[in-house]
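Below is one structure, written out as structure tokens, with a few remarks after it.
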Amino acid sequence: MILFTGLSVATVPAKAQDTSNGATGLPLPRFVSLKSDRVNVRLGPSREHAVAWTFVQSGLPVEIIQEFENWRRIRDWEGKQGWVFKSLLSGRRTALITPWEKNDRTPLRNRSRSDAVIVAELEPFVLTSVDQCAGGWCKVNGTNYEGWLDQTRLFGVYPDELIED
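Each residue of the sequence shown is one higher than the one before, starting from 24 at the first, in my numbering.
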């Protein structure tokens, strides 16, 4: 079996999706990913606002919870919020595996069923690409693995969200 490790910090699970439309016409909240290896998160929606923190890994999932002109208010897997310029975000879907847990591994299965063969066990904080989600399962992939995960074990998709391939 293959084991994968990732980041190691505490977090809270994604909240249930209660959608409305933002100024762009896209649903709020919604998940996106970071486009760059260096993304400044600001205290307000302008370059004049101070930088609260900086992400240093591209591909991390964040939740857009508000829009203002070219700025997006985001929430990360720890629940921290701030403003990011829209060009630093991507519609590419990614997820972190159980960032709210420290030790429990998540079984990666060869099919979207709880009794399907386990092909690997993924550790918390593994960053994965999301190909599709349906029926409570998401097809994911990364370096040296591909398979299906229980959708509730991911930060970056909503519990019953449908994502088509």
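C-beta atoms are modelled at their ideal positions from N, C-alpha and C, and glycine is treated no differently. The structure presented is a predicted model; accordingly, all values stated were derived computationally and were not measured.
Status (buried if at least 16 other CB within 10 Å, exposed otherwise) for residue i
| i | result |
| --- | --- |
| Asp-138 | exposed |
| Ser-43 | exposed |
| Phe-91 | exposed |
| Thr-117 | buried |
| Glu-71 | exposed |
| Gln-174 | buried |
| Val-140 | exposed |
| Ser-135 | buried |
| Pro-52 | buried |
| Ala-132 | Strictly speaking, residue 132 in this sequence is Arg, with Ala absent from that position. It is buried - the Cβ of Arg-132 has at least 16 other Cβ atoms within 10 Å. |
| Glu-187 | exposed |
| Leu-49 | exposed |
| Leu-145 | buried |
| Leu-185 | exposed |
For residue i, the three-state DSSP class (helix, strand or coil)
| i | result |
| --- | --- |
| Thr-28 | Unreliable placement is indicated for Thr-28, whose pLDDT of 38 sits below 50; no coordinate value is reported for it. |
| Leu-111 | helix |
| Arg-95 | strand |
| Gln-174 | helix |
| Ser-69 | coil |
| Phe-54 | strand |
| Asn-133 | coil |
| Val-85 | strand |
| Thr-151 | strand |
| Ala-118 | strand |
| Glu-90 | strand |
| Gly-126 | Before going further, note that residue 126 is Asn rather than Gly in the sequence given. Coil at Asn-126, not helix or strand. |
Inter-residue Cα distance where the pair is residue i and residue j
| i | j | result |
| --- | --- | --- |
| Tyr-181 | Ser-69 | 29 Å |
| Ala-46 | Glu-124 | 35 Å |
| Asn-93 | Val-142 | 42 Å |
| Thr-77 | Leu-66 | 12 Å |
| Val-64 | Asn-126 | 29 Å |
Own chain, CB closer than 7 Å to residue i, minus 5 neighbours either side, in chain order
| i | result |
| --- | --- |
| Trp-82 | Before going further, note that residue 82 is Gly rather than Trp in the sequence given. Counting only Cβ-Cβ distances below 7 Å, and skipping sequence neighbours, we find Ser-56, Leu-57, Thr-117, Leu-150. |
| Asp-154 | Lys-162, Val-163, Asn-164, Asp-188 |
Paired residues, beta bridge with residue i - DSSP
| i | result |
| --- | --- |
| Tyr-168 | Gly-165 |
| Val-64 | Trp-76 |
| Ala-157 | Trp-160 |
| Trp-106 | Arg-65, Arg-96 |
Cβ shell of residue i (< 8 Å), same chain only, five flanking positions each side left out
| i | result |
| --- | --- |
| Arg-176 | Ile-120, Thr-121, Thr-129 |
| Gln-104 | Ile-88, Arg-96, Ile-97, Arg-98 |
Beta-carbon contacts of residue i that lie in its chain and below 6 Å, excluding the five residues immediately before and after
| i | result |
| --- | --- |
| Ser-152 | Thr-117, Asn-164 |
| Glu-86 | Pro-52, Phe-54, Arg-98 |
C-beta neighbour in chain B for residue i, strict 8 Å
| i | result |
| --- | --- |
| Val-163 | Considering every chain present, this structure includes no chain B. It has just one protein chain. |
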